[in-house]
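Taking it in order: structure first as structure tokens, then the write-up.
Numbering (my numbering), first residue to last: 43 to 901.
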């Protein structure tokens, strides 16, 4: 408080030397605001009086002067303009010969409301000032439940980015994916001892998450269940989450345990069978701070999570992350069984079947060995697919298929195979009667029939099974596992070639042509076929990205992926790179920013815009970790000394980004979140009492926002009519300034808005942050820019004054019985008052800090 009083004295004694306007002291400003609040506050729904008007021009003569200068300099607000969608149609980019009507507002002009925009039932304006008040009131009505942003600077965004929130869709209700488990298996797996279980259970209690892995699926699953049931009886409910085939929750990730009711309540031990690549990626990409938050959250819920992994390529990734000390969860590594309890008679029979030349039983044994977890229908589908591709005459091939169709059960029994219930898959599957038989068969196939395995993988890949819409996740999971083994034994050149061939096969549906010279019925059929091809292509790209993601998890195949994407870029298949970049955005081993930047620099216009829109969507969804995001793309922003003509495309997009991102997160930010601490606003969410960090982050954003090249970047987005260059440049300059002034007004309000949920201690922190914001603006900008901001805010205050008068008049004319209408008018007027007071404080504090800076320079 002493500091504030000192500042007031400074203001009173030295304001003339800095500016001809007389700044009022904070004390008098606050007193005036209190008087205004008292005058404007209506008691319930009683009839208002004229004494409630906002400060008049007579009370504040400087507002009239500032506002008039603002009008002359062209910073007047244009009519509200709806921003474009986040993903505009590239064909609708700024290519029209004539500028949009809204964009023709040039210096000194004033935008008029669109025809029919005036509210029904509103009284016609009595004079120019009432007309302006009506426009302002209409504007405030339109945005009163939204935010400050989106009016003064929107003309620069016509046909450009101008992102807006996607149309709201009803949120899909979260469905708990867990199912209860009743008991542990009867026997402990090989190598698992009671002492081991006790140690791992203590670790599970401490860390709340344990990662259990074993290359044998049954061993991993049994060990996980024994660990879960090691808890005292009745203390916890044991449940499992299966991420295998035909599950609605294939997009589940570890982060969901932070905010979703998985397990249905408290006191659970949950086993997650991790076969989903997105879920696995969420494990290894989770940083230390988030893992600690997860631990605390699970402790609060009295919940523990056991992650069971048995897929070889995922286990390899775990080893690599452990080696690099990047794994933030305890890992329980279990070896697979080494001694197999299988009878000599059974083993000899199986070996005899495998050692023979290609025949029906050998194919059946191959499928059951390398495609575990298949239902009867899926198993038969893969068997028939391979039978149809055996290297035999058509007659012999048909004979094999007929034999299978005639006696499939007898063939399965002869191979020691049957339909068994699997707790691991929570369904009946085709599997070996003896669970150890798969281990024996797999080892024998891999050691003695490696070429046989390779040829079968080629046959399945050529069949298109990987991209078939009807192939479920279990088939895809098994097939990707086989493909990775094949790729691991290939040369890099052959692997790149294989990926390239797959890309071409996926891209083919795009070449589908529609014949317009046909009947309406035929045309509709063609359109349906093309739509289906689009679905097939989209599905194929999603499946293909699963393979690429799995390759990225293998250290030996990472370079193959990079070389493949390089090949696509050089061959002008950048659209495929863009699609894969979007599909792989959550993969921790994929550098999405590297490829987005290359697409921005090397792509055609459509690919550039699509990639940029994707970048903005990424930023929106990154949430409170936005400063980590900024750090990654900070070097896309050109230095202030670099001439605009030397900017790369990525430099242009880097400067556009900060404007579009700020619009995106501010324009619909709820008023209910204003004035909260910690702030819900992404740019302020991580700011606290640490003044150094707060200063660094605010300076980073403001330096970006006030970059000297930003006006030229937006200017070059426009199709400029000959002879209009100077006028349009001035218009864009004013529009950008208006946007920045609106944004700063919104930021200040978000930090200082009165909110009953915020206590005094937190208010002090928010005040310090808002003070830092103003100081940083003054440090970064020149005097001319600062005065322009002040002029804009003065004009804005006048708008609020007129709007309040408008609401007051309408309130006095409203019928006393029309309670709803009167309540709405009162709420709108109250909002105007709050905005007025917030902006007045901003202006006052801005002037105060300006003066202090001036005095420091003088001294």
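A virtual CB, placed ideally from N, CA and C, is assigned to each residue, including glycine.
Worksheet item: Residues bridged to residue 463 by DSSP?
Response: Under the DSSP definition of a beta bridge, residue 463 partners with 470.
Practice prompt. Please work out which residues of its chain come closer than 7 angstroms, Cβ to Cβ, to residue 714, disregarding the five sequence neighbours upstream and downstream, and give them in chain order.
Written response: So no residue of the chain qualifies.
Worksheet item: If you compare alpha carbons, which of 579, 534 and 300 is closest to residue 546?
Response: 579
Discussion item. Out of 268, 695 and 598, which one is the CA nearest neighbour of residue 313?
Written reply: 268
Worksheet item: What are the start and end residues of the beta strand (DSSP E) that includes residue 279?
Response: DSSP places residue 279 in the uninterrupted beta strand (DSSP E) bounded by 279 to 284.
Worksheet entry | For residue 263, the nearest candidate out of 219, 352 and 688 (CA to CA) | Per the Cα distances, 352.
Worksheet item: At what residue ranges does the stretch 293 to 321 contain a whole run of the beta strand (DSSP E), taking only runs of 3 or more?
Response: 310 to 315
Worksheet item: Is the beta carbon of residue 786 less than 8 angstroms from the beta carbon of residue 743?
Response: No, Cβ-Cβ distance for residue 786 and residue 743 is not below 8 angstroms.
Item to complete: Name, in chain order, the residues that DSSP records as bridge partners for residue 346.
Response: 311
Discussion item. Check this for me: beta carbons of residue 509 and residue 582, under 8 angstroms apart or not?
Written reply: yes
Worksheet item: Can you tell me the Cα-Cα spacing of residue 484 and residue 378, whole angstroms?
Response: Whole-angstrom Cα-Cα distance: 13 angstroms.
Worksheet entry | Runs of alpha helix (DSSP H) wholly within the stretch 700 to 726 (minimum 4 residues, chain order) | none
Discussion item. Rounded to whole angstroms, what is the Cα-Cα separation between residue 540 and residue 223?
Written reply: Linking residue 540 to residue 223 through their CA atoms gives a straight-line distance of about 43 angstroms.
Worksheet item: Can you give, in chain order, each stretch of the alpha helix (DSSP H) that sits fully within the stretch 718 to 806 and has at least 4 residues?
Response: 733 to 747, 752 to 757 and 767 to 794
Worksheet item: If you draw a straight line from the alpha carbon of residue 750 to that of residue 682, how long is it in whole angstroms?
Response: Approximately 7 angstroms, taken between the alpha carbons.
Discussion item. Between the alpha carbons of residue 179 and residue 869, how many angstroms are there, rounded?
Written reply: Note that residue 179 has pLDDT 44, beneath the 50 cutoff, so the model's placement of it is unreliable and the number below is only indicative. The straight-line gap from Cα to Cα measures roughly 13 angstroms.
Item to complete: Express the C-alpha separation of residue 370 and residue 326 in angstroms, rounding to a whole number.
Response: 8 angstroms
Worksheet entry | Cα-Cα separation between residue 857 and residue 871, rounded to whole angstroms | 17 angstroms
Discussion item. Using DSSP's beta-bridge definition, name the partner residues of residue 542.
Written reply: Residue 542 pairs with nothing; no bridge assigned.
Worksheet item: Do you know offhand how far residue 295's Cα is from residue 349's?
Response: 12 angstroms
Item to complete: Give the C-beta separation of residue 522 and residue 584 to the nearest angstrom, bearing in mind that I take them to be a contact with Cβ-Cβ under 8 angstroms.
Response: Not confirmed; about 13 angstroms, so no contact.
Fill in: Sufficient close CB pairs (3 or more, under 8 angstroms) joining the stretch 496 to 506 to the stretch 428 to 437
yes
Worksheet item: Would residue 249 be called buried (16 or more neighbouring beta carbons within 10 Å of its own) or exposed?
Response: buried
Practice prompt. Compute the beta-carbon to beta-carbon distance between residue 458 and residue 479, rounded to the nearest angstrom, for a pair I have assumed lies under 8 angstroms.
Written response: 6 angstroms
Discussion item. Quick check on residue 438: buried or exposed, where buried means 16 or more other Cβ atoms within 10 Å of its Cβ?
Written reply: Of the residues assessed, residue 438 falls on the exposed side of the cut-off, its CB having fewer than 16 other CB atoms within 10 angstroms.
Item to complete: Name the one or two DSSP bridge partners that residue 254 has.
Response: 350 and 374
Fill in: Alpha carbon of residue 909 to alpha carbon of residue 597, nearest angstrom
Residue 909 lies beyond the residue range present for the chain, which begins at 43 and ends at 901; the question has no answer from this structure.
Worksheet entry | residue 674 vs residue 696 beta-carbon contact at 8 angstroms | no
Worksheet entry | Spatial neighbours of residue 737 in its chain, beta-carbon cut-off 8 angstroms, leaving aside the 5 residues before and after | 814 and 818
Fill in: Residues near residue 245 by beta carbon distance below 7 angstroms, same chain, minus five either side
252 and 372
Worksheet item: What are the residues that DSSP puts in a beta bridge with residue 222?
Response: 281
Worksheet item: Which runs of the beta strand (DSSP E) fall wholly inside the stretch 396 to 459 and span at least 3 residues, in chain order?
Response: Whole beta strand (DSSP E) segments, 3+ residues: zero.
Worksheet item: Terminal residues of the continuous alpha helix (DSSP H) containing residue 236?
Response: 236 to 249
Worksheet item: Do you know offhand how far residue 895's Cα is from residue 792's?
Response: Those two C-alpha atoms are separated by around 25 angstroms.
Discussion item. Can you confirm whether the stretch 794 to 803 touches the stretch 838 to 851 when touching is taken to mean that 3 or more C-beta pairs between the two stretches lie within less than 8 angstroms?
Written reply: no
Discussion item. Rounded to whole angstroms, what is the Cα-Cα separation between residue 602 and residue 514?
Written reply: 27 angstroms
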